[in-house]
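Input: a single structure, listed below in structure tokens.
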């Protein structure tokens, strides 16, 4: 194994994970290759198939992405918990969704891990681990003695290093292209069906864990304190009998954002015609976008960006008359409560991520763009967001009149 690495370097990694090798530093790639190899070099005979009954099995789900991705995993966790009420379920997530993961009642243990990959940590490496802590974290995973590890997305270098370290007797996930070794345990190969609605794709993984699942409902849990804070925001903002509308103009990737002046035009029309209050929701680092949106408006909106937790924002979205936004975390909360929603799509796939149901209107005027990497915040749109500019004000306003 060492000879292969010395002779070929990262050639096999570049071939198997080309986009990762383009977007991440060689230092980061080598980190995860060496972590994979460090655990692969250990005695694999210690990994045995544990003869536990389904109800007493230990299962680990890996989901290192952000809010919307985790939300679509909830139906699978709920279904496995209902099918195996005494099984021990673990969830491995990034620190950016720690608060959300700890709310999920179907999970027994939450493991927090911050990958060194920029497209996941978005430049915030403050919670990333040192080499020594990386090894300790993986050794801790191995001590959990999981029977199954479920890779709920594609298997990249980070996921493979964690699967390798967990030393489970089985792991479920798409075929890995890392060709120096086979991970410990027996893999149950699952095709990665990116054309499916994400919650559907997640629930289909249940069949590999001994349960056929059909319930794809998304769930989110709001605390009483967050309910009270949401109520206080409605009172302070002077929301009247006409109610309020929530706009979320920002997204994790700038190429998914509709122009702010068009958001402003729609907001003014909603206020003039329906008398509603307009809230602008989003994260703290997006607040400037909310301020610029307000500058385009004739009426003053209530800018909540960075001033609410996910739970408070969820409570506000639940009771809103309408939500308008692109493919972002807040949009994924609308199907939880059947809140009327206008989802504006450009580079990403509405068939995979858009909300379903009569309460939702999905607007997309272009096909997919082969030049686009909308999952990486460090990449710029090479077409100046042409797909989002293709959505007109009149299209959105027509949907508003249908839903409000």
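Numbering (this note's numbering), first residue to last: 1 to 404.
Backbone N, C-alpha and C fix where the C-beta goes; we use that ideal spot for every residue, glycine too.
The beta carbons of residue 363 and residue 403 sit no closer together than 8 Å. Just measuring C-alpha positions, the residue of 372, 339, 12 sitting nearest residue 361 is 339. If one requires a minimum length of 4 residues, the alpha helix (DSSP H) runs lying completely within the segment 265-327 are 287-296, 310-318, in chain order. Shown here, residue 18 sits in a helix according to DSSP, grouped into three states. With 16 or more other Cβ atoms inside 10 Å of its own Cβ, residue 169 counts as buried.
About 6 Å separates the Cβ atoms of residue 208 and residue 190, confirming a contact at the 8 Å cut-off. Relative to the Cα of residue 265, the nearest Cα in the group 4, 400, 20 belongs to 400.
Residue 321 places its beta carbon less than 8 Å from that of residue 276. In this structure the segment 61-74 lies against the segment 88-97, because at least three pairs of beta carbons, one per stretch, are closer than 8 Å. Around the beta-carbon of residue 125, fewer than 16 other beta-carbon atoms lie within 10 Å, marking it exposed. Three or more Cβ pairs closer than 8 Å define a contact, and the segment 105-114 falls short of that threshold against the segment 10-24. Counting C-beta atoms within 10 angstroms of its own C-beta, residue 6 has fewer than 16 neighbours from the protein chains shown and is therefore classed as exposed. In this structure, residue 76 lies near residue 206, with their beta-carbon atoms less than 8 Å apart. Within its own chain, no residue has a Cβ closer than 6 Å to the Cβ of residue 368 once the five positions on either side in sequence are excluded. In the displayed model, residue 148 falls within a strand according to three-state DSSP. The segment 86-136 is shown to contain whole alpha helix (DSSP H) runs of 4 or more residues at 98-101, 118-121, in chain order.
In the three-state DSSP reduction, residue 367 falls in the coil class, being neither helix nor strand. Looking only at 139, 273, 156, 253, the smallest Cα-Cα distance to residue 167 is reached by 139. For residue 393, same chain residues with a beta-carbon under 7 Å away, outside a window of 5 residues either side, are 262, 265, 266 in chain order. Rounded to whole angstroms, residue 101 and residue 70 show a C-alpha spacing of 8 Å. According to DSSP, residue pairing for residue 199 in a beta bridge does not occur. Restricting attention to beta strand (DSSP E) runs no shorter than 3 residues, the segment 332-360 encloses them at 341-344, ordered along the chain.
In this structure, residue 246 sits near residue 323, with a CB-CB distance shorter than 8 Å.
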